[in-house]
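Numbered per mature numbering (1 follows the signal peptide of the UniProt record, and there is no 0), the sequence shown spans residues -23 to -1, 1 to 350. Where a beta carbon is used, it is the ideal one built from N, C-alpha and C, also for glycine. Okay, so here's the structure we're looking at.
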Amino acid sequence: MKRNVVFLLACMFAMASVLPVSAGNTKTLKDVLGRYFLVGAAMNVDQIWNRTPDETNVVKNNFNSIVAENCMKGEEIHPEENRFFWDDADRFVKFGQDNGLAIIGHCLVWHSQPPVWMFTDERGDTVSRDVLIDRMHGHISAVVGRYKGRILGWDVVNEIFNDDGTFRNSPYYRIIGPEFVELAFKFAHEADPNAELYINDYSLAKPAKRDAVCRIVRELKSKGYRVDGIGMQSHNGLEYPDLDEYEKSIDAFAACGVKVMITELDVNVLPNPEKFGGAEISQNFKYADALNPYKNGLPEAVEKEFEKRYLDIFNIYYRHRGQISRVTLWGVTDTRSWLNDFPVPGRVNYPLLFDRSNKPKPVVDKIIKIFEK
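So this is what it looks like as structure tokens:
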């Protein structure tokens, strides 16, 4: 009898360890939010190769879409002009196909983490406009062409504007001029005419940046280029962005006649260094204990702020569920979030919906309830 009781308890604990949300609710994000839009996560290389199976299972159980966090970026997939490294990206796409997930490619043209050889010749001199266009065409054609028919959509250009709405002075802009944007969309569409094509950026609640994105999307569409969606990166904090402006951006982008996507969602709960701003990854600040106050877990008051922030955000998504096509968390669990090291290396952050034990946080149930109305 005692053995039966022990066995029963063991089974109960085992079941509890794989429940997607709380014991009182076995519905997952994809079960409920997935009725309205894709809900996904960015996956790292360890997860796609199943080196961290518990994290991989979080993806399988809770999401219906994935995006490559790093393995499709230029420096990773195209390390030398005449050499590609396909292993990780191939595995990522296979994982998505094997598990019936919508696959998003990220990203084709970005000033950060580009192919290191892209902008200079063998002498180290800056290449000409024609050479850069040719190289950009070769890169996009090869990457998009390899996964033709298997990728739902691509972040074609990433972070091309400053917060004031001017073009970022990236090597693509300096060497080619603003035409690099339409060329990128042209090359991507030629490589896979059926793939959706997106523009992706951060701080899109800022009116000037919002207007710039709307302007270029309308311009591209007026010239006949395919533009399917605008990605709002949504690297949010407890006090930013202004949610009224954030909501205005959803309406403005939908009015451009494209899909609105929340592409890199997280909530930074840590104090920001002085002069920190946006999600520009070149920012790097010196570690200080004052900037890492929650090494052993969040205080109850901060947990409540975190939960309220997520609920406020998802209430916005619920109101705009007819305009939003995808919501993607930038990471799977707190353990692997980029915000543990950005913009201050070595911190302990808690920005995602799944904790360091690979369990859903209590807010997940509450988010699901919003969409069960």
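How long is the line joining the alpha carbons of residue 346 and residue 241, rounded to whole angstroms? 22 Å
Could you pull the start and end residues of the alpha helix (DSSP H) that residue 128 belongs to? Residue 128 -> no alpha helix (DSSP H), and no H or E assigned at all.
Same chain, Cβ closer than 6 Å to residue 87, five either side skipped, listed in chain order: 135
In three-state terms, what does DSSP make of residue 233? coil
Along the chain, where does the beta strand (DSSP E) that runs through residue 19 open and close? 15 to 20
Hey, does residue 26 have any beta-carbon neighbour from chain C nearer than 7 Å? Absent here is chain C; the protein component of the structure consists of one chain.
Minimum C-alpha distance to residue 280 - residue among 48, 201, 329 and 178: 329
Three-state secondary structure assigned by DSSP to residue 283: helix
Quick check on the DSSP output: what are the complete alpha helix (DSSP H) runs of length 4 or more inside the segment 242 to 299, in order along the chain? 277 to 296
Between residue 62 and residue 287, what straight-line distance do the alpha-carbon atoms span, to the nearest angstrom? 37 Å
Give the DSSP-derived three-state secondary structure of residue 175 in the structure shown. strand
Just the Cα atoms here: how many angstroms apart are residue 47 and residue 53? 7 Å
How would you write the range of the beta strand (DSSP E) that residue 182 sits in, first residue to last? Taken as a continuous stretch (DSSP letters only), residue 182 belongs to no beta strand (DSSP E), as it is neither H nor E.
So if DSSP puts residue 170 in a beta bridge, which residue, or which two residues, is it bridged to? None, per the DSSP bridge assignment.
Since residue 113 is in the alpha helix (DSSP H), which residue starts that stretch and which ends it? 106 to 123
Identified DSSP bridge partners for residue 42: 17 and 79
Excluding five sequence neighbours on each side, which residues of the same chain lie with their C-beta closer than 7 Å to the C-beta of residue -13? Its pLDDT being 38, under 50, residue -13 is placed unreliably by the model, and the measurement read from it follows with that caveat. The answer is none, since no qualifying residue turns up.
Tell me which same chain residues have a C-beta within less than 8 Å of the C-beta of residue 269, skipping the five on either side of it? 247, 321, 323, 324 and 325
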